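Asks: In full-length UniProt numbering, the protein residues as written are 1 to 291.
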């Protein structure tokens, strides 16, 4: 957009965001409401968008994950349900609900199905999807949304003063902020400042749950490997090499790579081969060590 190759009104509607919903119910609702405001303000005031579509805040989220705990693990069912409700009230368009047994392993088919049913009950039985922004106008939610938006502005200003998002990732500044916050939450749980039922509050001795852990489907793996081998045997190797070489040449300059990637896909190059071609030109990002 900044290079003038595409207008913000054409580009912005293609952007979507992905978030994580934590356990503080109203704070999460305010976070999504504030994000919607901020996005509309940025695309209109900073980039000059004129279409309503460009200002729409399209986002999905995960409910559960880091907020789930191993002790009294079935409590996670309740946690995920509340987080899912907060996400809906905040205006999410798509959602992934984690399974209650994810602190132990990849979820079983049964627990994954129950996580899906949590969404479906919320969508089809509770009526919360019948109205947009049902908490709009609440003095508490509006005040919390205002405060959250101010904090978002503060954080974005800090990142820009540090050189922008790319610079903050390259030197580990952003990762450090995230790590510090994660450590702070962990310390609060350990000390009991942040109550977690079954972990530091209402703790009981109980045996480890008898879990039906996920098992890799060897048949599915072998079938996919056979399909890959068949494609590689039947494709035009000359076309593959030419497409990958063209991609690498384009990566050396400032060209848009999408057309070259499409050409690679049409030649049946694998994703791994495309990535390897780009890696040969750009190298591989080394994550900075943060403390």
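Each residue gets a CB set at the ideal place from its N, CA and C atoms; glycine is no exception. Bear in mind the structure is a predicted one, so any value in this text is a computation, not a measurement.
1) From what residue to what residue does the alpha helix (DSSP H) around residue 176 run?
2) Give the secondary structure of residue 20 by DSSP, where H, G and I count as helix, E and B as strand, and everything else as coil.
3) Starting from the C-beta of residue 20, find all residues in its chain whose C-beta is less than 6 Å away, skip the five residues before and the five after it, and write them out in chain order.
4) Does DSSP classify residue 197 as helix, strand or coil?
5) Confirm, please, whether the CB-CB distance from residue 102 to residue 68 is below 8 Å.
6) In angstroms, rounded to a whole number, what distance separates the CA positions of residue 272 and residue 22?
7) Is DSSP giving residue 283 helix, strand or coil here?
8) Let me check understanding here. Comparing Cα to Cα, which of 248, 286, 133 lies closest to residue 29?
9) Between the C-alpha atoms of residue 136 and residue 100, what's the straight-line distance to the nearest angstrom?
10) Is it right to say residue 107 is buried, meaning 16 or more other beta carbons lie within 10 angstroms of its own, or is it exposed?
11) Closer than 8 Å is the cut-off here; do at least three beta carbon pairs connect the stretch 82–97 with the stretch 208–216?
12) Does the Cβ of residue 138 have 16 or more other Cβ atoms within 10 Å, making it buried, or fewer, making it exposed?
13) Applying the criterion that 16 or more other CB atoms from any shown protein chain within 10 Å of the CB defines a buried residue, is residue 111 buried or exposed?
14) To the nearest whole angstrom, what separates the beta carbons of residue 40 and residue 12, a pair I think is in contact under 8 Å?
15) Check whether the stretch 149–165 touches the stretch 254–271, counting contact only when three or more Cβ pairs, one atom from each stretch, lie closer than 8 Å.
Replies: Based on what the coordinates show:
1) 173–191
2) strand
3) 62
4) strand
5) yes
6) 34 Å
7) coil
8) 133
9) 31 Å
10) buried
11) no
12) exposed
13) buried
14) Wrong, their Cβ atoms sit about 10 Å apart, outside the cutoff.
15) no
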